[in-house]
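Residue numbers (the numbering used here), protein chains in the order written: chain A, 31 to 295; chain R, 31 to 295; chain Y, 31 to 295. See structure below.
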Amino acid sequence: MLITLTSDMGLEDYYVAAIKGAIYNQLPNVKVVDISHDIPPFDIVHASFVLKNTFKEFPKNTIHIIGVDAEKNQTNKHLIVKNYDQYFIGADNGIFSLIFDKKPDGIWNINRNTESENYSFPTKDIFVSIACHLARGGLPAVVGNEIQDIKSKQLFRPIVDMNTIKGMVGYIDKYGNLITNISKKIFNEVGKGKAFKIFLTKSEYSIEKIHQNYNEVVEGERIAIFGSGDFLEIAINKGVKGSGGGASQLFGISINDIITIEFKD
Amino acid sequence: MLITLTSDMGLEDYYVAAIKGAIYNQLPNVKVVDISHDIPPFDIVHASFVLKNTFKEFPKNTIHIIGVDAEKNQTNKHLIVKNYDQYFIGADNGIFSLIFDKKPDGIWNINRNTESENYSFPTKDIFVSIACHLARGGLPAVVGNEIQDIKSKQLFRPIVDMNTIKGMVGYIDKYGNLITNISKKIFNEVGKGKAFKIFLTKSEYSIEKIHQNYNEVVEGERIAIFGSGDFLEIAINKGVKGSGGGASQLFGISINDIITIEFKD
Amino acid sequence: MLITLTSDMGLEDYYVAAIKGAIYNQLPNVKVVDISHDIPPFDIVHASFVLKNTFKEFPKNTIHIIGVDAEKNQTNKHLIVKNYDQYFIGADNGIFSLIFDKKPDGIWNINRNTESENYSFPTKDIFVSIACHLARGGLPAVVGNEIQDIKSKQLFRPIVDMNTIKGMVGYIDKYGNLITNISKKIFNEVGKGKAFKIFLTKSEYSIEKIHQNYNEVVEGERIAIFGSGDFLEIAINKGVKGSGGGASQLFGISINDIITIEFKD
Numbered sequence: 031m032l033i034t035l036t037s038d039m040g041l042e043d044y045y046v047a048a049i050k051g052a053i054y055n056q057l058p059n060v061k062v063v064d065i066s067h068d069i070p071p072f073d074i075v076h077a078s079f080v081l082k083n084t085f086k087e088f089p090k091n092t093i094h095i096i097g098v099d100a101e102k103n104q105t106n107k108h109l110i111v112k113n114y115d116q117y118f119i120g121a122d123n124g125i126f127s128l129i130f131d132k133k134p135d136g137i138w139n140i141n142r143n144t145e146s147e148n149y150s151f152p153t154k155d156i157f158v159s160i161a162c163h164l165a166r167g168g169l170p171a172v173v174g175n176e177i178q179d180i181k182s183k184q185l186f187r188p189i190v191d192m193n194t195i196k197g198m199v200g201y202i203d204k205y206g207n208l209i210t211n212i213s214k215k216i217f218n219e220v221g222k223g224k225a226f227k228i229f230l231t232k233s234e235y236s237i238e239k240i241h242q243n244y245n246e247v248v249e250g251e252r253i254a255i256f257g258s259g260d261f262l263e264i265a266i267n268k269g270v271k272g273s274g275g276g277a278s279q280l281f282g283i284s285i286n287d288i289i290t291i292e293f294k295d
Numbered sequence: 031m032l033i034t035l036t037s038d039m040g041l042e043d044y045y046v047a048a049i050k051g052a053i054y055n056q057l058p059n060v061k062v063v064d065i066s067h068d069i070p071p072f073d074i075v076h077a078s079f080v081l082k083n084t085f086k087e088f089p090k091n092t093i094h095i096i097g098v099d100a101e102k103n104q105t106n107k108h109l110i111v112k113n114y115d116q117y118f119i120g121a122d123n124g125i126f127s128l129i130f131d132k133k134p135d136g137i138w139n140i141n142r143n144t145e146s147e148n149y150s151f152p153t154k155d156i157f158v159s160i161a162c163h164l165a166r167g168g169l170p171a172v173v174g175n176e177i178q179d180i181k182s183k184q185l186f187r188p189i190v191d192m193n194t195i196k197g198m199v200g201y202i203d204k205y206g207n208l209i210t211n212i213s214k215k216i217f218n219e220v221g222k223g224k225a226f227k228i229f230l231t232k233s234e235y236s237i238e239k240i241h242q243n244y245n246e247v248v249e250g251e252r253i254a255i256f257g258s259g260d261f262l263e264i265a266i267n268k269g270v271k272g273s274g275g276g277a278s279q280l281f282g283i284s285i286n287d288i289i290t291i292e293f294k295d
Numbered sequence: 031m032l033i034t035l036t037s038d039m040g041l042e043d044y045y046v047a048a049i050k051g052a053i054y055n056q057l058p059n060v061k062v063v064d065i066s067h068d069i070p071p072f073d074i075v076h077a078s079f080v081l082k083n084t085f086k087e088f089p090k091n092t093i094h095i096i097g098v099d100a101e102k103n104q105t106n107k108h109l110i111v112k113n114y115d116q117y118f119i120g121a122d123n124g125i126f127s128l129i130f131d132k133k134p135d136g137i138w139n140i141n142r143n144t145e146s147e148n149y150s151f152p153t154k155d156i157f158v159s160i161a162c163h164l165a166r167g168g169l170p171a172v173v174g175n176e177i178q179d180i181k182s183k184q185l186f187r188p189i190v191d192m193n194t195i196k197g198m199v200g201y202i203d204k205y206g207n208l209i210t211n212i213s214k215k216i217f218n219e220v221g222k223g224k225a226f227k228i229f230l231t232k233s234e235y236s237i238e239k240i241h242q243n244y245n246e247v248v249e250g251e252r253i254a255i256f257g258s259g260d261f262l263e264i265a266i267n268k269g270v271k272g273s274g275g276g277a278s279q280l281f282g283i284s285i286n287d288i289i290t291i292e293f294k295d
């Protein structure tokens, strides 16, 4: 049985190790897999992007603990969400709606533990027990009340106007690659195979071809590909953020900047 | 069986992977868990804080390898320490006395291996064999001589003067939260439920309430809570070190700075 | 069965977790071990140094996935390399010749998967399946064609001139230790036990002794030892890169700088 951890806790403090110890203490034979602990603090958009591109790789019945912005408050309930035959445990801060492209198969509001109300470390003190309960084959209904909805948070979606798609950069990875919110599906629907130009705000360069692999252009050359999530990605082959060479730096592009695709009539 | 690793070796070099390979080579079925490899170099106080707040989460019989300041020298013996039904292996540089709140149940001075005296990488070349010996159920007395004492290193403890507790900041985590050396126990003993003010050196702010969860105050507000180690912690709700928002930066507070609590008569 | 991962992908994006999920999806009982994901981007010399000093610690039959500069192109085939009873999977960018000190026992050019040519993430989309095939006991010849050679890439080797060895710094670790390309073997062959002086370019200091352990000199003192790879290493005892104390900073030494050893006649 697999339990994954996603958090903004880093690895220099004791938090992540305490969570792992607590899991192994209950279930010595479970496998704990780190998704990432380097999520920028409280950044649920970044965390949702990482999870969205990861969870489908994992086997059925995998249990995902989400330790980002995990404090419960009046509007952020602690939830178990079931979708794609996997479980996700976290605070209802909007992240669930960002991870999934379809309505969850089940949502449970985790019951208050009346013995103690002092949970300053909910990922360890609450989510671990819930995850171990589920990993043992326990039902979510035993530890939560089924509810109907998760909090909805929408990211901008591309705008289509005749022969033009206006999207934006939603994520920049460690290589400085620009990952947009323009999917292969919308690109094909609007473009229907016509010639096109991709324009980057703040840059005079345009790109007129989609490649399959970075190495189809020479080192240092700009390239557009559909990345593994099937979203349009603008990159520099072997460019690297930080060394002055990544696409984000060369083009001066930040998260939320506009990417425009114009198809020829 | 679990073996944990705590070190200042980082993950960009080969050291940590060589240690893991060496363990799996001897014991393919053991589980190796990273506590942290991002301990600041040679910082046994940081390492002890991380271990102190972690080890009790782990199951009985867990074996902890401590690869921080691990070189043997004339005063730093290589030790096996047994406490709380777990084993700890490291150099006697003072760290053991910082991890535990009670005398160890057993201390063994690891025997010199007469075959080779060239151990420039003791965590791999010495501690791994010892850990595997223990993980197989071997007795510490087979590989070491029982001794009576560990080297003692004391951190400052809070000073109580009538209605005042003077403590200090002992650790600052990646969110910039200030973790003090003032325990809930001493707070309750001195305070007996009376009203109080917490003063931070170098800051004109005071805090007059202890909360249970960060989210009980609005974002950006200062808050005092007893953290998971039951030590008083001063934080900014959703403040983050590095973005100019963590408590350490907002209050200009560093490790070893004084925190004063004055209780009303 | 062990599968290790070495990459330059870092842990803040989804790449590494997607790889792990894909492996566990195929083989729930395999053990995935991170060698490092902090290899500098596309730096096959750094990656080869880390692997060279690690792989022999691992058990026989371990499978190593190398996700550094892993894109296939006209000259970089995707290979399975067998050596020392272990498998290595990666692109033939020269890294294999840097890892090994002997010719591989077998080399296979991984067959093109004709179903899809869109592999922008070969470490996950190609190497994982190959690794799982091998981990199940499958033969390399089933998924590749045996070939005779790997691409050769040579690093500078020390030059010996009478009583002098001229080597260079090949790697600087996180402590700032300078790891040279001068082996214990060549040192002993040329030196034959004679007195010597080690000179660092750009530094007026010399070192006249090889120690066994860092702690044989006082803190802050320079020291030469043969490190675990049996290569000459110049260090500052308890010096740390970044705090102004590591050997690289104190001596102003960078990768590729010359180290000279002069033996007395």
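Even for Gly, the Cβ is constructed at its ideal location relative to N, Cα and C.
When DSSP reads this structure, TYR117/A sits in a beta bridge with ILE93/A, LYS112/A. If you look at GLY259/Y, you'll find it isn't in any alpha helix (DSSP H); DSSP assigns it neither H nor E. The beta carbon of ASN175/Y lies closer than 6 angstroms to those of ASN139 in the same chain, with the five residues before and after it left out. Close to chain R, meaning a Cβ-Cβ distance shorter than 7 angstroms, are the following residues of the region 243–256 of chain Y: ASN243, TYR244, ASN245, ILE255. Sequence-distant Cβ neighbours of LYS181/A in its own chain, meaning closer than 8 angstroms and more than five residues away, are THR105, ASN106, ASP122, ASN123, GLY124, PHE126, SER127. With respect to chain R, the C-beta atom of GLY51/A has a partner C-beta closer than 8 angstroms.
Per the Cβ contact rule, the region 251–270 of chain R is not in contact with the region 39–53 of chain Y (fewer than 3 Cβ pairs under 8 angstroms).
Legend: CB atoms of the region 43–67 of chain Y lying less than 9 angstroms from CB atoms of chain R belong to residues LYS61, VAL63, ASP64, ILE65, SER66, HIS67. Note that the C-beta distance between LEU81/Y and TYR54/R is not below 8 angstroms. With distances taken between CA atoms, ILE119/R lies nearest to ILE93/R out of PRO58/R, ILE264/R, ILE93/R, ILE129/R.
Counting only residues of its own chain and dropping the five nearest sequence neighbours on each side, ALA165/Y has a CB closer than 7 angstroms to the CB of MET31, ILE33, LEU57, VAL60, ILE93. At a cut-off of 3 residues, the continuous stretches assigned as beta strand (DSSP E) that sit fully inside the region 179–206 of chain R are 189–191, 194–202. Across the structure, ALA225/Y and SER233/Y are spaced so that their CA atoms are roughly 20 angstroms apart. Using beta-carbon distances, SER150/A counts as an interface residue toward chain R, with a partner under 8 angstroms. Here DSSP, grouped into helix, strand and coil, assigns HIS76/Y to helix. Residue environment: ILE209/Y is assigned as buried (16 or more neighbouring CB atoms within 10 Å of its CB, all protein chains considered).
Taking a cut-off of 8 angstroms on C-beta distances, the region 213–231 of chain Y touches the region 183–199 of chain Y, as three or more cross pairs fall below it.
By the beta-carbon neighbour count (other beta carbons within 10 angstroms, threshold 16), ASN83/R is buried. Across the set GLU249/Y, PHE151/Y, ALA171/Y, the C-alpha of PHE151/Y shows the shortest separation from the C-alpha of ASP260/A. Residue state for LYS154/A is assigned as helix, using DSSP reduced to three classes. DSSP, read as helix, strand or coil, puts ALA254/Y in strand. Secondary structure note for SER127/A: its alpha helix (DSSP H) is the uninterrupted segment 125–129. Within the DSSP secondary-structure output, LEU208/Y pairs in a beta bridge with ILE202/Y, ILE264/Y.
With a cutoff of 8 angstroms on beta-carbon distance, GLY206/A and ALA277/A are scored as near each other. When the beta-carbon positions are compared, VAL63/Y and LYS154/R stay at least 8 angstroms from each other. Taking C-alpha positions only, GLU251/R is separated from PHE229/R by approximately 15 angstroms. In the three-state DSSP reduction, ILE237/A falls in the strand class (E or B). The beta carbon of THR290/A is closer than 6 angstroms to those of LYS196, PHE229 in its chain, skipping five residues each way along the sequence. LYS214/A: member of the alpha helix (DSSP H) spanning 214–221, first to last residue. Check the Cα spacing between ASP38/A and each of ALA52/A, ASP68/A, ALA47/A: the tightest is with ASP68/A. Residues of the region 100–113 of chain R with a Cβ closer than 9 angstroms to any Cβ of chain Y, in chain order: GLU101, LYS102, ASN103, GLN104, ASN106. Taking a Cβ-Cβ cut-off of 8 angstroms, the neighbours of THR84/Y in chain R comprise TYR44, ALA47, ALA48, GLY51, given in sequence order. Residues of chain A with a Cβ closer than 7 angstroms to the Cβ of GLY272/Y do not exist; the shortest Cβ-Cβ separation is about 14 angstroms.
Close to chain R, meaning a Cβ-Cβ distance shorter than 7 angstroms, are the following residues of the region 203–217 of chain Y: ASP203, LYS204, TYR205. Assignment of beta-bridge partners to GLU176/R by DSSP yields TRP138/R. Pairing ASP135/A with ASN113/A gives a Cβ-Cβ distance under 8 angstroms.
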